[in-house]
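If you read the protein sequences in the order shown, they are chains L and W. Taking this note's numbering, the leading residue of the first sequence gets -8, the next gets one more, and so forth. Taking this note's numbering, the leading residue of the second sequence gets -8, the next gets one more, and so forth. Ideal Cβ positions, reconstructed from N, Cα and C, are used throughout, including at glycine. Working notes, structure below.
2 protein chains.
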Amino acid sequence: MIATEFRVDIPLWVVSEVEAAGRVLPTLEQRMALVNRLADRNFREGGGGPFAAIVVEQATGRLISAGVNRVLASHLSVSHAEVVALSLAQCTRGTWDLGASGAPRTELVVNWRPCLQCCGAALWAGVSHLVIPDDSDQMEGITGFDEGPVGEEWISQFEARGISVTKGIGVSEAIQVFQNYAEHVAKGCAVLYNARGTGTNA
Amino acid sequence: MIATEFRVDIPLWVVSEVEAAGRVLPTLEQRMALVNRLADRNFREGGGGPFAAIVVEQATGRLISAGVNRVLASHLSVSHAEVVALSLAQCTRGTWDLGASGAPRTELVVNWRPCLQCCGAALWAGVSHLVIPDDSDQMEGITGFDEGPVGEEWISQFEARGISVTKGIGVSEAIQVFQNYAEHVAKGCAVLYNARGTGTNA
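Okay, structure coming up:
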């Protein structure tokens, strides 16, 4: 018999961090501060890389879901933070389209530009807004992760599908998390996962 | 309390089709014939779009997993056929890296070029070979699905990461499945899912 089901969960410490932050985060800075905090704790807890994401109601900042990278814990390469957060938000809403008419517009907040897979996941999930610190190659340079061939024109591709993008939020904190992670790896305290033996993936 | 888990399953008819096809498929044509059959049945069963994928041992064709598009059934936009097949293969192997040393090399067989999300998912999963009918825009033209901004140079990006790509297998059968789907939609027998109201996604 072949496998017929896979599942992904988030650990209870994520729920604790979310409750501690409060369930409504009015400013983009507050939303990103939670994401950076989750990302920094995530690699120390050992479940995956230094990445986190939340989905909130765009207008109010009411939190709908939180995700962290769970590649190591779930044994599934698809379990990036964005996929986890978007899927949990869709579970909560009971629909594959977070942009379904009538529901409050949603925003995805991530601690760097999504990788190739997660750019696609964000395009298809129905969010209206993406918030990131930056989309430069600085993160890849610090951590060694391979983000895939995302084109230079990726923001216009998002905008063409009705998704606005905001950059410049929580940049120094995000960089600090990646530097913390690199030090952690250098000390031999974290598995730097590496599919196909040719690069790492986030 | 926020949602802490999501799950994706495949229906039992997929298992039945796999058992009927036999668990070892020596030729690329046999592998693609199963994929096209699963894709054609999938939209008729109502769980998602006309897409299917399998993961096999590249050398022998021994089937490791099978996936179909489950966006409608799972209420998760990430549940494309490739994500389902790759994740179920990783469940079976107990690792996020299908290319982990020592294990037989694996091949992903899909009934068209993967969308942006699934190009990323395929890059990060550890497969060694991708088999598709074609990568032209003919599928999007027939079905109306939006596959996202996958660059012209996508095959060289796969090859740079150690993944070879074979095109030209089961083309006419794949096109027939998409035409069947388009007729099904035209008759009002299928939901053409459509995130962000600006296009559809596969």
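Review point. Contact check, Leu25 of chain L vs Ala12 of chain L under 8 Å by CB: the rounded distance?
Key: 5 Å
Practice item. Check Val162 of chain W in the structure and name its three-state DSSP category. Key: The DSSP-derived three-state label of Val162 of chain W is helix.
Exercise for review: Check the Cβ-Cβ distances between Phe136 of chain W and every residue of chain L, and say whether any is below 8 Å.
Suggested key: no
Check your understanding: If you measure beta-carbon to beta-carbon, which residues of the segment 58 to 77 of chain L are closer than 9 Å to chain W?
Key -> Val62, Leu63, Ser65, His66, Leu67, Ser68, Val69, Ser70, His71, Val74, Val75, Leu77
Check your understanding: Taking C-alpha atoms, which residue in W:Ala80, W:Ala94, W:Ser65 lies nearest to Lys65 of chain L?
Key -> The residue asked about is misnamed: residue 65 of chain L is Ser in this sequence, not Lys. It is W:Ala80 whose Cα lies nearest to the Cα of Ser65 of chain L.
Exercise for review: Mind checking which residues open and close the alpha helix (DSSP H) that includes Ser116 of chain L?
Suggested key: What sits at residue 116 of chain L in the sequence shown is Ala, not Ser. Looking at the DSSP string, the run of the alpha helix (DSSP H) that includes Ala116 of chain L is 107 to 116.
Exercise for review: Flag this pair as yes or no: are the beta carbons of Glu(-4) of chain W and Val176 of chain L separated by less than 8 Å?
Suggested key: no
Practice item. For the segment 124 to 137 of chain W and the segment 101 to 112 of chain L, state whether three or more C-beta atom pairs, one from each stretch, are separated by less than 8 Å. Key: no
Review point. Does the beta-carbon of Thr157 of chain W have 16 or more other beta-carbons within 10 angstroms, so that it is buried, or is it exposed?
Key: The residue in question, Thr157 of chain W, is exposed, as its Cβ has fewer than 16 Cβ neighbours within 10 Å.
Practice item. Could you check which residue in W:Leu114, W:Ser70, W:Met130, W:Ala72 has the C-alpha nearest to that of Gln167 of chain W? Key: W:Met130
**Study point:** 7 Å Cβ shell around Val162 of chain L - same chain, five flanking residues per side excluded
**Key:** Pro124, Asp125
**Study point:** Boundaries of the beta strand (DSSP E) in which Gly179 of chain W is found, first to last residue
**Key:** Segment: none, Gly179 of chain W is in no beta strand (DSSP E) and carries neither H nor E.
**Study point:** Whole-angstrom distance between Gly135 of chain L and Glu36 of chain L, CA atom to CA atom
**Key:** 20 Å
Review point. Got a sec? Which residues, its chain only, sit under 8 Å from Thr18 of chain W by beta carbon, not counting five neighbours each side?
Key: So the list reads Gly52, once near-sequence residues are dropped.
Check your understanding: For Met(-8) of chain L, which residues in chain C fall below 8 Å Cβ to Cβ?
Key -> Chain labels in this structure do not include chain C; the protein chains are L and W.
**Study point:** Pair within 8 Å by beta-carbon distance, Glu164 of chain L and Asn60 of chain L
**Key:** no
Check your understanding: Can you give the Cα-Cα distance for Glu8 of chain W and Met(-8) of chain L, rounded to whole angstroms?
Key -> 12 Å
Exercise for review: Taking Glu20 of chain W as the reference, give the member of W:Val62, W:Asn171, W:Gly159, W:Glu144 with the closest Cα.
Suggested key: W:Gly159
**Study point:** Among W:Trp145, W:Glu48, W:Phe34, nearest to Gly93 of chain W - alpha-carbon criterion
**Key:** W:Glu48
Exercise for review: Going by DSSP, name the residue or residues bridged to Phe42 of chain L.
Suggested key: Note: Phe42 of chain L sits in no beta bridge, so no partner.
Practice item. Figure out for me which residue from L:Ala76, L:Asp31, L:Ala72, L:Ala151 has the closest Cα to the Cα of Ile55 of chain L. Key: L:Ala76
Check your understanding: In chain W, which residues lie less than 8 Å from Gln148 of chain L when you measure between Cβ atoms?
Key -> Gly139, Pro140
**Study point:** Spatial neighbours of Arg104 of chain W in its chain, beta-carbon cut-off 6 Å, leaving aside the 5 residues before and after
**Key:** Around Arg104 of chain W: Ile123, Asp126.
Check your understanding: Using a beta-carbon distance below 8 Å, is Asp88 of chain L in contact with chain W?
Key -> yes
Point to revise | Beta-carbon contacts of Arg187 of chain L that lie in its chain and below 7 Å, excluding the five residues immediately before and after | key: Here Arg187 of chain L scores only 47 on pLDDT, less than 50, and its place in the model is too uncertain to base an answer on.
Point to revise | Beta-carbon proximity list for Gly117 of chain W, same chain, < 6 Å, skipping 5 on both sides | key: Asp88, Leu89, Gly90
**Study point:** Distance, Val62 of chain W Cα to Tyr172 of chain W Cα
**Key:** The alpha-carbon atoms of Tyr172 of chain W and Val62 of chain W are separated by roughly 16 Å.
Point to revise | beta strand (DSSP E) segments (min. 3 residues) lying fully within the segment -6 to 45 of chain W | key: Complete beta strand (DSSP E) runs here, min 3: -4 to 0.
Point to revise | Distance CB(Ala57 of chain L)-CB(Val5 of chain L) smaller than 8 Å | key: yes
Check your understanding: Sorted by chain position, which residues of the same chain lie with C-beta nearer than 7 Å to Arg84 of chain L's C-beta, five sequence neighbours on each side aside?
Key -> Ala94
Exercise for review: Please confirm if Val9 of chain L has its CB atom under 8 Å from at least one CB of chain W.
Suggested key: yes
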